[in-house]
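Okay, so here's the structure we're looking at.
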Amino acid sequence: MTGSGRGGHAALERDGVLRADGVEVGPALLKIEGLSKTFGGTRALIDVDLDVREHEIHALVGQNGSGKSTLIKSLAGYHHPDPGARAWFAGQPFELGSGLQHGHDRLRFVHQDLGHVLELGVIDNLALRHAYVRGRFGNIRWAEQERTARELLGRFGVDIDLHRPLAEATPVERVVVAIVAALQGWDGGRGVLVLDEPTAVLPPHEVAQLFELIGEVRRAGASVLYVSHRIDEIFQLADRVTVLRGGRVVATRAVADLTPRELASLMVGEEVDPDFRAQVPAASGAPVVLEARNLRTRYLNGVSFALHQGEVLGVAGLAGSGGEQLPYVVAGALGREASGQLRLPGRGGQWTDIGPNGLTGLALVPADRAREGVIAEFGVAENLTLPILDRLRNGVAHSRSRETALVHDWVERLQIRTADQDAPISTLSGGNQQKVVMARALALEPSVLLLCEPTAGVDIATRIALYELIAQQAERGLGVIVSSTDIGDLLAMCTRILVLRDGVVARELDGNQVTQAILHHAIEGTDEQ
Amino acid sequence: MNPTVTSPKNAPAVGAASPGPARPGSGRPGVPGPGAAASEPRYHAPAWVRMPGALSFRNIGAVYVWLAIAVIFAVWAPSTFPTWTTARQILDENAATGLMALSVVIPLCTRTFDLSVGFIASLSAVTASYMIEHGVPVAAAVTIAMGGALLVGLINACVVVVMGVDSFIATLATGSLIAAFITLMTNDIAITSPKLLGPFAKIGQASIGGITLPVIYTLVVALVIWFVLEHTATGRRLYATGFNPESARLAGVRTARLRFASLIVSALLAGAAGVVLASTLGSGDPQAGVPYLLSAYAAAFLGASQLRRGRFNAWGTLIAVLLLGTGVVGLGLVSAPNWAPAMFTGVVLIAALGVTGARRRALRGGLGQRFGRRREATETPSRT
């Protein structure tokens, strides 16, 4: 199969169908009309039309809950659409949601959770998705299996250690393996590769590597349906874009005809500025609320800084620079893996060691909402009050009434959309879950707030709401530390940005003067004059 | 309460923080689309199930099954089953099971297994009997037995929490050590002595108002556990530790301390069950506690499907003990063959847990979601 794939690729090049950037887009390849999907009483998709052309990279965008995933899952055959939906592939009608796990053979999917068995290496993860090469006794012929995997990866110019468990691979390597796994048995030629938010967990410098592979796939003859809610990616990558809002298609446009602002407004339904910047006055001469000295971990190599009242201090850096660890270190969440000293003028102002003393009690919003943030089995109220249960005590007993009042207050204040306080947190959208985690941190009434990836998986409207919330908190004297791999977060919120390289502070940038280019170069280390 | 946040002047400003987009009707009305829809049906049970909340089949299905079993045996053996004697027999025979089942509830809340409880019960039964046999006063004998249980609890907690060994295998290992110790001390011969039938027997055989003491102990322990789990901050933190230890830890819950304490609690309760067993039986049987291990876990897991779904809880556990115990006693009364009680227990467990499991899957209504409870949370942010 790999051989024929090469053949297809070569044939395409010979025929000169493709140019370097593969811009030439053919006729409609995948066409969907009148796709609706109802869950119980909720209409998740309403009369959706979509067409993906040959060799096209077609972006599908929308906020959390706009129906993107339902559309993808209907295409993939996980959901059975309401009657009346019609679909064609290369002019041939086919049935959607035919109950087959993989739907149409020419549609290949990479879902957001990737579906790897992380304990196993590349070879097994590829073979599990497709087939093992068997010997006469049903035994696996490992040598041949390895050769198959190598050829497959080589076809897309991917170079990865085949035997190392995927748990040890970088995030982008996992995405790449998932894409290659999805393309197994595809012999080149016409096809649609559907990618559901492949960059959701990727640090920015690894995104380029993914885009290269997507280009490679297109050059091999496929179209790509690319789901995302990162606007900048759409403009880098896509030819056309379809915008979903509230389960309906609100527009399908050529990307070249749009500005980022227009696209954001289409997604949200109102005028929205994707380049939003909270107006945070630089704190000049404000008192220090936190001072850190010589912070060290496996990645941090002696970082010292002072945080002033009303300051929003950004921490930027490539993966492994230590930036992503900094808030955890200051929160004391790394235990003995970290060393260094902190001084909190609000708490007496002595220098204290962070390592052995456990949590410092500063409010932390962790990076990975599902794993470190919320407790999925708990309701909204239970999640929100977890760190402040001691304040809701009535003698030995926990006071439900005080809890209810407090949670009600926060739900109102942060506009958290939930059916009721006891609704399981997992029924909330990502943005609203993040607001609950944020409310939980603020309910601690902290003097210092530590944020990691505060807007991961959050739609643009909620993102701006969070920026404004943080700006307001800062204005009222809170000191904030933000670590984010999303440059937009740092640009929007920070009064000062520390750029870390190799575990030390390499640059310190003024938040009011920094631009995307300056920050980007500082992070990559390409800023030395 | 928070000066930086509550100042009324600023309160509306936060509302304004999400200008249009968060408003209803702007793309994402109140309830989000597909993902929420999948979880919505949990409030749409068929009409016959939709009884007033607390009495619904979903909530206390085991009580209805228990009633059905009682009715069946009342019809089957009308002269022997529906009598006070039988009712008392059911309670007496299951009081120790109840205590054992309650002993594992607290560790299970923190997703920690204590599989040594059966051996701890044996150990304290043997220790108490040995002391009584050698003329130690009752109070001292019980204290020493409980001290032994406490020691085992400390060892368990050190191995599991401090050394970080998986609790399932670690407590099996300590259980094996206890078994070795018991054999060393008793040569596997039950301790019998007329002294055991003296004042010591009162612990397990005396009664107040016609109800034997072990039944009362069990009810009191259940009441305390219920209060702790439902009405204190500690209970909330215990559940948080079990559901997502990392989230709980970062939210300031001292998860290690709670798991440590939960293993001490289970050891002490199992020790108490052992003393009660020795007193009730009038002998120190080296195997006294072991047979209770399976039914204790069976009841705790069945109990977790009742009242507070997905959470181990005291009353659900006792309902499960009663359900299983009633069936076993009833089968004895209708002179069922000797393999029937064990078969009954197995069938009821699989049926009960299977039905609740299947329903939960149906309600979640999504492919793949059954493969991990974490998934539920990770799915949501990915909802597009």
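So the protein sequences, as listed, match chains A and B. Quick note: the first sequence, position 415, residue 849 per this note's numbering, numbers continuous. Quick note: the second sequence, position 265, residue 412 per this note's numbering, numbers continuous. Even for Gly, the Cβ is constructed at its ideal location relative to N, Cα and C.
Assuming residue i contacts residue j (C-beta within less than 8 Å), just tell me the rounded distance between them.
i                      : j                      : result
residue 300 of chain B : residue 795 of chain A : No, residue 300 of chain B and residue 795 of chain A are not in contact; Cβ-Cβ is about 30 Å, not under 8 Å.
residue 546 of chain A : residue 631 of chain A : 5 Å
residue 661 of chain A : residue 629 of chain A : 6 Å
residue 433 of chain B : residue 337 of chain B : 7 Å
residue 442 of chain B : residue 339 of chain B : Contact flag wrong, Cβ pair sits at about 25 Å.
residue 269 of chain B : residue 303 of chain B : Not really, about 15 Å apart at Cβ, beyond 8 Å.
residue 490 of chain A : residue 673 of chain A : 5 Å
residue 904 of chain A : residue 884 of chain A : With 8 Å as the limit, residue 904 of chain A and residue 884 of chain A do not qualify as a contact, their Cβ atoms being about 12 Å apart.
Measure from the alpha carbon of residue i to the alpha carbon of each residue in the options, then state which is nearest.
i                      : options                       : result
residue 362 of chain B : B/429, B/243 and B/221        : B/243
residue 935 of chain A : A/736, A/606 and A/879        : A/736
residue 877 of chain A : A/826, A/858 and A/859        : A/826
residue 461 of chain B : B/492, B/216 and B/377        : B/377
residue 456 of chain B : B/440, B/415 and B/502        : B/502
residue 724 of chain A : A/862, A/652 and A/746        : A/746
residue 642 of chain A : A/653, A/618 and A/607        : A/607
residue 384 of chain B : A/843, A/820 and A/513        : A/820
residue 839 of chain A : A/861, A/816, A/830 and A/829 : A/816
residue 689 of chain A : A/720, A/469, A/495 and A/898 : A/495
residue 755 of chain A : A/938, A/698 and A/924        : A/938
residue 437 of chain B : B/235, B/211, B/247 and B/203 : B/247
Report all residues from its chain with a CB closer than 7 Å to the CB of residue i; omit the five preceding and five following residues, and keep chain order.
i                      : result
residue 449 of chain B : 209, 467, 496, 499 and 500
residue 579 of chain A : 557, 561, 566 and 567
residue 822 of chain A : 877 and 878
residue 535 of chain A : Residue confidence is low: residue 535 of chain A scores 46 on pLDDT, short of 50, so the model does not pin down where it sits. Its coordinate-derived value is still stated next. Excluding sequence neighbours, residue 535 of chain A sits near 511.
residue 569 of chain A : 575
residue 893 of chain A : 497, 498, 663 and 865
residue 867 of chain A : 803, 808 and 859
residue 260 of chain B : 254, 314, 315 and 318
residue 217 of chain B : 473
residue 396 of chain B : 402
residue 950 of chain A : 921 and 925
residue 308 of chain B : 403, 406 and 407
Can you name, in chain order, every residue of its own chain whose Cβ lies under 6 Å from the Cβ of residue i, other than the five neighbours on each side?
i                      : result
residue 785 of chain A : 775 and 777
residue 886 of chain A : 761, 800, 801 and 917
residue 466 of chain A : 484 and 521
residue 685 of chain A : 677 and 700
residue 766 of chain A : 788, 792, 793 and 794
residue 656 of chain A : 625 and 627
residue 462 of chain A : 485 and 487
Considering only residues of the same chain and omitting the five flanking positions on each side of residue i, which have a CB-CB separation below 8 Å?
i                      : result
residue 480 of chain B : 220, 224, 227, 228 and 233
residue 346 of chain B : 285
residue 332 of chain B : 273 and 277
residue 213 of chain B : 466, 469, 470 and 473
residue 373 of chain B : 460, 461 and 462
By the DSSP assignment, the alpha helix (DSSP H) with residue i in it spans what residues?
i                      : result
residue 558 of chain A : 556-563
residue 842 of chain A : 834-847
residue 298 of chain B : 285-304
residue 676 of chain A : Looking at the DSSP string, residue 676 of chain A is not in any alpha helix (DSSP H); the run it does join, the beta strand (DSSP E), is 674-679.
residue 256 of chain B : 231-256
residue 206 of chain B : 204-223
residue 904 of chain A : 894-909
residue 419 of chain B : 402-428
Within the continuous beta strand (DSSP E) that includes residue i, where are the two ends?
i                      : result
residue 660 of chain A : 657-662
residue 745 of chain A : Counting along the chain, residue 745 of chain A falls outside any beta strand (DSSP E), and DSSP gives it neither H nor E.
residue 552 of chain A : Here residue 552 of chain A belongs to no beta strand (DSSP E), and DSSP marks it neither H nor E.
residue 935 of chain A : 930-935
residue 913 of chain A : 913-917
residue 528 of chain A : 526-528
residue 944 of chain A : 938-944
Compute every distance between the C-beta of residue i and the non-hydrogen atoms of the ligand SAM, then say whether any falls below 7 Å.
i                      : result
residue 518 of chain A : Judged by which ligands are present, the structure shown has none, so any question about the ligand SAM falls away.
Worksheet item: Where in the segment 457-522 of chain A do unbroken runs of the alpha helix (DSSP H), each at least 4 residues long, occur, reported from the N-terminal end onward?
Response: With a minimum length of 4 residues, the continuous alpha helix (DSSP H) runs that stay inside the segment 457-522 of chain A are 502-510.
Worksheet item: In chain order, which beta strand (DSSP E) runs of at least 3 residues are fully inside the segment 754-793 of chain A?
Response: Secondary structure within the segment 754-793 of chain A: the beta strand (DSSP E) runs of 3 or more consecutive residues, fully enclosed, are 773-777 and 785-787 (chain order).
Worksheet item: Residue ranges of each beta strand (DSSP E) run of no fewer than 3 residues wholly in the segment 573-646 of chain A, ordered along the chain?
Response: Segments of the beta strand (DSSP E) lying fully in the segment 573-646 of chain A: 626-630.
Practice prompt. May I have a chain-ordered list of the alpha helix (DSSP H) segments no shorter than 4 residues that lie completely inside the segment 304-344 of chain B?
Written response: Counting only runs that start and end inside the segment 304-344 of chain B, the alpha helix (DSSP H) elements of at least 4 residues fall at 314-333.
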